[in-house]
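Offset between the sequence shown (1-based) and this note's numbering: plus 2.
In this text, a Cβ means the ideal position worked out from N, Cα and C, and glycines have one as well.
Here's the structure we're looking at; comments come further down.
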Amino acid sequence: MDLIPQFPALRIGKVETMVFRVPIDVPVETSFGLMHDRPAVLVRVEDQDGAVGWGEIWCNFPSVGAEHRARVLASCIAPVLLGTEWRHPRDAYVELTRRLRVLAIQAGEPGTIAQAIAGVDIAMWDLAARRLGQPLWKLLGGSARVPTYASGLSPTAPEKLAAAKYGEGFRAFKLKVGFGIDRDRRNLRALREELGAAALMIDANQAWVTDEAIAMSTALEEFEPAWLEEPIGADSPLSEWTRLAQASPIPLAAGENMRGDTMFAEAIASKAFAVIQPDLAKWGGFSACLPVARQAIAAGRLFCPHWLGGGIGLLASLHLKGAVGGEGYAEIDANPNPLRDLLATPLPQMLEGVVTLSDRPGLGVEPNLQDAGRFLVHTECVS
Ligand SMILES: [Mg+2]
Numbered sequence: 003m004d005l006i007p008q009f010p011a012l013r014i015g016k017v018e019t020m021v022f023r024v025p026i027d028v029p030v031e032t033s034f035g036l037m038h039d040r041p042a043v044l045v046r047v048e049d050q051d052g053a054v055g056w057g058e059i060w061c062n063f064p065s066v067g068a069e070h071r072a073r074v075l076a077s078c079i080a081p082v083l084l085g086t087e088w089r090h091p092r093d094a095y096v097e098l099t100r101r102l103r104v105l106a107i108q109a110g111e112p113g114t115i116a117q118a119i120a121g122v123d124i125a126m127w128d129l130a131a132r133r134l135g136q137p138l139w140k141l142l143g144g145s146a147r148v149p150t151y152a153s154g155l156s157p158t159a160p161e162k163l164a165a166a167k168y169g170e171g172f173r174a175f176k177l178k179v180g181f182g183i184d185r186d187r188r189n190l191r192a193l194r195e196e197l198g199a200a201a202l203m204i205d206a207n208q209a210w211v212t213d214e215a216i217a218m219s220t221a222l223e224e225f226e227p228a229w230l231e232e233p234i235g236a237d238s239p240l241s242e243w244t245r246l247a248q249a250s251p252i253p254l255a256a257g258e259n260m261r262g263d264t265m266f267a268e269a270i271a272s273k274a275f276a277v278i279q280p281d282l283a284k285w286g287g288f289s290a291c292l293p294v295a296r297q298a299i300a301a302g303r304l305f306c307p308h309w310l311g312g313g314i315g316l317l318a319s320l321h322l323k324g325a326v327g328g329e330g331y332a333e334i335d336a337n338p339n340p341l342r343d344l345l346a347t348p349l350p351q352m353l354e355g356v357v358t359l360s361d362r363p364g365l366g367v368e369p370n371l372q373d374a375g376r377f378l379v380h381t382e383c384v385s
């Protein structure tokens, strides 16, 4: 259960957002484009007693949109958060979602606003858990041990990065596909030679239409991927996903581009998806992703939260997976990103693919703002 006993009322006195951006030497390649830099938007909430909570807002694409999210939070969301006494983080999530519903439609930005609310929700849960002196995984009735996988293996020599990550302790891996059948097959063959029978997944990032996806799934089956992620547009009708699932020899995964209780409930009920992967900083935070996770597990699906951003969101995703348990893994980006390490210190230790979260309160980490400061490009503060 995630009902918090004797929850301290939260009166938020200050909301800050910080935008970081780091240029990277080797772009992260996906089937729809390159990432030339790594952005992150942190949310810091401070209550009137001076207690602090940290959250993160998804902002990967396009990365120029990071500052916009910080401004949306400061102008539209912070005023609602500041004016009320909150009895539970979920109350703030529900009220923010209700109050911003029309604006989200009118602006044509339901995604942006959902992301900003999600970042605030993470910060409110971190704050609540810190006030109670408990790590979030424990407060939510879960386990400190979280199975993980190394993701974001780009299509250029992925076996080299996979070998390095194996050396760091990872035991499951995900390759980006959708770069043509020859290149995809070459990469899977190289990874199988490097990793042996390790768990291996593939992510097409919405590269194909259904018939192509069926052909590719059939062509890649011999490498025994555990799942095929987003082979087609995430907004494809469920009838199309179901047709694909029935024809695909590889089980399907999706969720990072789903938004809303209804969309997840229908996706879980459809039986098209073997793996459900919400990104808690892109929609829902803990308040809405916890129920989705429990529904997915109760329906026999793997729950594997998506994450490919900075350190606070990574820790939140690990706590979410630790809270609900079950088979499957939390995602950890294999690509270099200083904002993953600097914004969440100390990062938990990894052993044989399993991360053990600490007993420190809340998310259990602090951003190292001194060292990350050189990447800070924009701030907002509302009090
Ligand atoms: Mg993906």
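Item, Value
"Using only CA atoms, which one of M260, N259, T244 and R261 lies nearest to P253?", "T244"
"For V384, which residues does DSSP report across the bridge?", "V17"
"Which runs of the beta strand (DSSP E), 3 residues or longer, sit entirely within the segment 168-213?", "174-178 and 201-205"
"Between P363 and W139, what straight-line distance do the alpha-carbon atoms span, to the nearest angstrom?", "10 Å"
"Check F22 in the structure and name its three-state DSSP category.", "strand"
"When we look at the beta-carbon of I124 and count the other beta-carbons within 10 Å, is it buried (16 or more) or exposed?", "buried"
"Nearest-angstrom Cα distance between M352 and V45?", "26 Å"
"Is D186 close to ligand 1? I mean its beta-carbon at under 8 Å from any heavy atom of the ligand.", "no"
"Taking contact to mean at least 3 C-beta pairs separated by less than 8 Å, is the segment 15-22 in contact with the segment 374-383?", "yes"
"Please identify the residue among F9, W60 and L359 whose C-alpha is closest to the C-alpha of P348.", "L359"
"With distances taken between CB atoms, is the gap from E231 to I204 smaller than 9 Å?", "yes"
"Just the C-alpha distance for N337 and F34, rounded to the nearest angstrom, thanks.", "17 Å"
"Looking at the secondary structure, which residues open and close the alpha helix (DSSP H) in which D132 lies?", "Correcting the residue type first, residue 132 is Arg in the shown sequence and not Asp. P112 to L134 is the extent of the alpha helix (DSSP H) around R132."
"With a threshold of 8 Å (Cβ to nearest heavy atom), would N207 be considered close to ligand 1?", "yes"
"Excluding sequence positions up to five away, which residues of its chain have a Cβ less than 6 Å from the Cβ of P227?", "L202, M203, I204 and I252"
"Going by beta carbon distance, what residues of the same chain come within less than 7 Å of M3, once the five residues before and after it are set aside?", "With a pLDDT of 45 at M3, under the threshold of 50, the modelled position of that residue is not reliable, and no figure is offered here."
"Taking only three categories from DSSP, how would you classify L308?", "For the record, residue 308 in the displayed sequence is His; it is not Leu. Correct three-state label for H308: coil."
"Quick test of your reading: W309 and A116, contact by CB under 8 Å. State the CB separation rounded to the nearest angstrom.", "So it is not a contact: roughly 16 Å between Cβ atoms."
"Which residues does DSSP list as the beta-bridge partners of G154?", "G154 pairs with nothing; no bridge assigned."
"Any chance you could list the beta strand (DSSP E) runs of at least 3 consecutive residues sitting entirely within the segment 226-300, in chain order?", "254-256"
"Could you check which residue in C78, S250, T99 and P41 has the C-alpha nearest to that of G287?", "T99"
"Determine, using beta-carbon pairs with one atom in the segment 151-158 and one in the segment 323-335, whether at least three such pairs fall under 8 Å.", "yes"
"On the criterion of 16 or more Cβ atoms from any shown chain inside 10 Å, does S319 qualify as buried, or is it exposed?", "buried"
"Where in the segment 19-106 do unbroken runs of the alpha helix (DSSP H), each at least 4 residues long, occur, reported from the N-terminal end onward?", "68-74, 80-84 and 91-101"
"Output the distance between the C-alpha atoms of P64 and R73, rounded to the nearest integer angstrom.", "16 Å"
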